[in-house]
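Sequence positions in the sequence shown follow mature numbering (1 follows the signal peptide of the UniProt record, and there is no 0) and run -15 to -1, 1 to 323. Even for Gly, the Cβ is constructed at its ideal location relative to N, Cα and C. Model, not experiment: these values are computed from the prediction. What follows is one structure encoded as structure tokens, with my remarks underneath.
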Amino acid sequence: MHFRLFTLIFSLTSAVPILIPVNEICKRGDSFWTVEPGALLFVASTDEPKELNAIRVKNAKLERTLDEVNRELNSDGSKVGWKLTTDTVAFFASANCANLTGVVYITTAKQADDPNFLVYHADRRMNIQTDRDQTTIVIISEHIYSVDGFGRALKTTKISNIQQRFDGKLTMYRGAPGANYRNPIIKEVANQKVFENPLNSSKVANFFYNIDPMQVNFDVFYVSADKFLKLLVEPVWEDPNSMPNNRLTSTGLITCQHKCEKVTIGFSTRIATAISGAMYNTDVYGNVQINIQNLMKKITGQSIGEVSARIAAQQIVITPSEEDDGFYAFQYFLVMTK
């Protein structure tokens, strides 16, 4: 994930989201950031209130602490953002907070004006539900793993019990939504896509009534939903290798951000004919190998594509060449055929 830091104030502002790890604020001392007037500032943190109160943020003549912003929630559990009125935000830290794991998230002004743009912090078990048209749900993951050797807090969110209408559409994207988040076909948005239902691959188009539980190992991601959507989010990590899958038609998502491990997805052995495969989106340092029965594909660098075949696979195996291997996402699927 890339963070934009400005040590000088620029006269022009740009419509891009900003993500700032709280510990970066402390490392850099007093800092100034350019934002769009009208944007919303969110804080997502489970750090101690005392520590968050030691960090102040100022916009125009108003000054608040990170704890004040962090505590505000809507009745549906989504975060309340602070509306920014000028193009400069200043942060001041009066204590050492290098070990904090929270994040400050600043939207664009257009997103702030969108009533169907919601932000959640997955810091507890909760159901997220919407029946609005064209809803964008931003989910900020909670710190689960210990900080790695590069000083990164490794974050994850478990998603399960996904429900949607058969005539609706669900799409999941890695990272924070950009200025063109409503346009799924432009490159900057399409390149972030990691999951969709209905699935439209070169071999099969299918709506999945049941979606496997998924471990989303991204600091932040967002879901675009058309019509009804309900899902359960939890700040827990469950080994994807242990998640059961005995359905005859199935899809799910395997992800990696920094910490990558070998994953084996097992399918029902009762299927005689099927199409098995995965849609993938990668940016890896080494390579990641996917095996579907006797079909093998090795993927390197930045790549978006598909590997699939008319095989009733009993398992799909994803093997990274390195543990600290960048990012990848595989939407696996098995669709029973006649």
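Mark residue i as exposed unless 16 or more other C-beta atoms lie within 10 angstroms of its C-beta, in which case mark it buried.
| i | result |
| --- | --- |
| Asn81 | exposed |
| Thr322 | exposed |
| Val221 | exposed |
| Ser126 | buried |
| Asn168 | exposed |
| Met264 | buried |
| residue 345 | Nothing in the structure corresponds to residue 345, since the chain is present only between -15 and 323. |
| Gln287 | exposed |
| Ser227 | exposed |
| Phe315 | buried |
| Glu57 | exposed |
| Leu47 | exposed |
| Val76 | With the sequence shown as reference, residue 76 is identified as Phe, and Val is not the correct amino acid for it. Result: buried. |
| Lys35 | exposed |
| Glu9 | buried |
| Thr285 | exposed |
Taking residue i as the reference, which of the options has the closest Cα?
| i | options | result |
| --- | --- | --- |
| Asn84 | Ile124, Ser60, Ile129, Val7 | Val7 |
| Ile122 | Thr141, Arg110, Lys140, Asp99 | Asp99 |
| Glu53 | Thr73, Ser30, Lys46 | Ser30 |
| Thr142 | Gly153, Asn168, Ile296, Ile124 | Ile124 |
| Val302 | Gly286, Ser261, Glu173 | Ser261 |
| Asn59 | Ile113, Glu219, Asn44 | Ile113 |
| Tyr207 | Ala39, Gln96, Val269 | Gln96 |
| Ile147 | Glu219, Asp224, Arg41 | Glu219 |
| Val205 | Gly62, Ile91, Leu47 | Ile91 |
| Ser79 | Ala24, Gly14, Gly23, Thr73 | Gly14 |
| Val179 | Phe17, Val42, Phe27, Tyr313 | Tyr313 |
| Lys140 | Asp116, Thr115, Ala107 | Ala107 |
| Phe102 | Val42, Ser209, Lys43 | Ser209 |
Would you kindly check if the distance between the Cβ of residue j and the Cβ of residue i is under 8 Å?
| i | j | result |
| --- | --- | --- |
| Leu4 | Ala161 | yes |
| Tyr317 | Gly237 | yes |
| Gly251 | Gln177 | no |
| Lys64 | Val89 | no |
| Leu184 | Asn195 | no |
| Asn202 | Thr249 | no |
| Glu21 | Ala(-1) | yes |
| Asn272 | Lys283 | yes |
| Thr86 | His128 | yes |
| Leu37 | Thr50 | yes |
| Gln278 | Leu214 | no |
| Thr234 | Leu155 | no |
| Glu291 | Ser186 | yes |
| Pro225 | Ile144 | no |
| Thr120 | Thr73 | no |
| residue 398 | Gln200 | Past the edges of the chain, shown from -15 to 323, lies residue 398, and the structure says nothing about it. |
Using C-beta distances below 6 Å, list every residue in its chain close to residue i, excluding the 5 sequence neighbours before and after it, in chain order.
| i | result |
| --- | --- |
| Arg(-12) | With a pLDDT of 42 at Arg(-12), under the threshold of 50, the modelled position of that residue is not reliable, and the figure given next carries that caveat. These residues qualify, in order along the chain: Ile3. |
| His(-14) | Annotation note: pLDDT 42 at His(-14) (below 50); position unreliable, coordinate value reported separately. Within the same chain, His(-14) has no close Cβ partners at all. |
| Leu280 | Ala294 |
| Ala164 | Ala(-1), Thr93 |
| Gly62 | Met111 |
| Pro305 | Cys245, Val273 |
| Ala39 | Ser79, Ala80 |
| Leu217 | Asn112, Ser145, Asn146 |
Nearest chain B C-beta to residue i closer than 8 Å, yes or no?
| i | result |
| --- | --- |
| Ile113 | Judged by its chain identifiers, the structure shown contains no chain B, having just a single protein chain. |
Between which residues of its own chain and residue i is the CB-CB distance below 7 Å, once the five residues before and five after are set aside?
| i | result |
| --- | --- |
| Asp118 | Asp211, Lys212 |
| Thr254 | Gln299 |
| Lys12 | Ala83 |
| Lys188 | Ile260, Gly262, Ser293 |
Please return the same chain residues whose Cβ sits closer than 8 Å to the Cβ of residue i, not counting the five positions on each side in sequence.
| i | result |
| --- | --- |
| Ala257 | Ala297 |
| Glu308 | Lys244, Cys245, Glu246 |
| Ile171 | Asn165 |
Quick one: is the Cβ of residue i within less than 7 Å of any heavy atom of the ligand HEM?
| i | result |
| --- | --- |
| Ile3 | The ligand HEM is absent from the structure shown, which contains no ligands of any kind. |
> Which runs of the alpha helix (DSSP H), 4 residues or longer, sit entirely within the stretch 160 to 200?
Replying inline: 172 to 175
>> Suppose only complete runs of 3+ residues qualify. What are the beta strand (DSSP E) ranges in the stretch 88 to 120, listed by chain order?
In response: 88 to 91, 102 to 106, 111 to 115
> Can you list the alpha helix (DSSP H) stretches of 4 or more residues lying completely in the stretch 224 to 281, in chain order?
Replying inline: Fully contained in the stretch 224 to 281 is no alpha helix (DSSP H) run of length 4 or more.
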